[in-house]
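Report on one structure; see the data block that follows.
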Ligand SMILES: [Zn+2]
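Residue numbers (my numbering): 29 to 273.
Okay, here's the thing in structure tokens:
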């Protein structure tokens, strides 16, 4: 499911479900994941139960829309959202190195009845992937906030600033409390943990895992994009083949 689709897989022109007309109902569109060839169709057009969206039955297993929910920006209060505010909220939160349940964070967000807030990194990820990368959240472009498949053409050499990065485990160094991750097979990320407790927990939870998300203030030097990790909530895993392990 997605809130937007490609008109054609070649020129990647985007169409938003909310802008579709009755003429689009039986047309074939294309999944906006760059590595997915699924054809999608407009559903829930004019429904008063669900907002219009695109649905297809043959998403590839690694497609970002394979498990996608349909978080809507209008259900969120983003008036105070900024990357630095979010990093502040997360790094000041209580560290939970004993907690094994990664799902808690998003459940909490989604249980809030009135307005939802982007106060976890999963909330940011699952909201951001629903929109084209040029879309803005409270004035911040998604392409500046999230480094994932759909922004891989922008981040080819380094990552700098406060960003959420979707990456894969690479290797670790116990002596320096560091775990190395790979983004898009081109950028090596260095996550330096503030304490050996944080490092050990992460080493256990993310060893050889794919689809790890890290939200941090990145800097680049010596061929790496490096960030300090002071709170375990800066890391998580998103739905994918390896998430159930
Ligand atoms: Zn897909």
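Idealized CB from N, CA, C, for every residue including glycine.
In this text the structure is predicted, and so the values were computed from the model without any measurement.
Look at which beta carbons fall closer than 5 Å to any heavy atom of ligand 1; those residues are 59, 61, 64, 66, 87, 91 and 93.
When C-beta atoms of the region 196–204 are compared with those of the region 68–88, fewer than three pairs fall below 8 Å, so the two segments do not count as touching. By DSSP's assignment, residue 192 forms a beta bridge with 174 and 243.
Judged by DSSP secondary structure, residue 209 falls within the beta strand (DSSP E) whose first and last residues are 206–211. DSSP places residue 35 outside both helix and strand once states are collapsed to three, so it counts as coil.
A Cβ-Cβ separation of about 5 Å places residue 179 in contact with residue 171 under the 8 Å criterion. Proximity of the region 151–166 to the region 94–113 meets the contact definition, three or more beta-carbon pairs being nearer than 8 Å. Look at residue 145 here: in three-state DSSP terms it is coil, with no helix or strand label. For the pair of segments examined, the region 71–78 was found not to touch the region 143–155: the number of CB pairs separated by less than 8 Å stays below three. Listed in chain order, the non-local C-beta contacts of residue 62 below 6 Å within the same chain comprise 177, local neighbours out to five positions each way being set aside. Counting of Cβ neighbours within 10 angstroms places residue 36 among the exposed residues, the total staying below 16.
Boundaries of the beta strand (DSSP E) around residue 221: 215–221.
Between residue 253 and residue 182, the gap from beta carbon to beta carbon reaches 8 Å or more. Assigned with DSSP and collapsed to three states, residue 80 falls in coil, not helix or strand.
Annotation: residue 146 to residue 215 spans about 27 Å, alpha carbon to alpha carbon. Judged by DSSP secondary structure, residue 232 falls within the alpha helix (DSSP H) whose first and last residues are 224–234. The beta carbons of residue 256 and residue 222 sit closer together than 8 Å. Going by DSSP, residue 122 is part of no alpha helix (DSSP H) at all; its letter is neither H nor E. Here DSSP, grouped into helix, strand and coil, assigns residue 254 to strand. Annotated as proximal: residue 266 and residue 239, with beta-carbon spacing under 8 Å.
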